[in-house]
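J.: Under this note's numbering, think of the first position of the sequence shown as 12, with each following residue one higher.
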Amino acid sequence: MDDTTIFDGAKLRVQIKQSREGTDPVVAERDFPGLEARLEDSTAGGARSGTYRTATISHRAGPSALGDSVLFLDWHGDGRGYQRHDYTGSPTV
């Protein structure tokens, strides 16, 4: 069952960054839509699996690369559009 009263949209942005002192520049990024239905999917009893697996992103970034992601959620009916939720980068890509 897809509960459309939760989100108007949801997507994950995966990024590969070059690790540097200060702000790490993004060298490659890719958006993965389709997250909304996975987050809203549940059984009639309300059980949610909460799983989502992205496709891959690749870029020849060298030894100082790190992986990062940003979750964009557009809550249903709040009128604010997509809100960005950042996650800490991984030192291993």
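A virtual CB, placed ideally from N, CA and C, is assigned to each residue, including glycine.
The model shown is predicted, which means the values in this text are computed figures rather than measured ones.
Can you name the residues that DSSP bridges to ALA39?
T.: DSSP, once it has assigned bridges, lists ILE27 as partnering ALA39.
J.: For the segment 67 to 79 against the segment 15 to 32, are there 3 or more C-beta pairs whose distance is under 8 Å?
T.: Because the criterion of three Cβ pairs below 8 Å is met, the segment 67 to 79 and the segment 15 to 32 touch.
J.: Do GLY45 and ASP85 count as a contact pair if the criterion is CB distance below 9 Å?
T.: For ASP85 and GLY45, no; Cβs fall outside 9 Å.
J.: Please name the residue in ARG91, PHE83 and GLN94 whose C-alpha comes closest to that of ASP42.
T.: The option with the nearest alpha carbon to ASP42 is PHE83.
J.: Helix, strand or coil for ARG95? Go by DSSP, reduced to three states.
T.: ARG95: strand per DSSP, three-state reduction.
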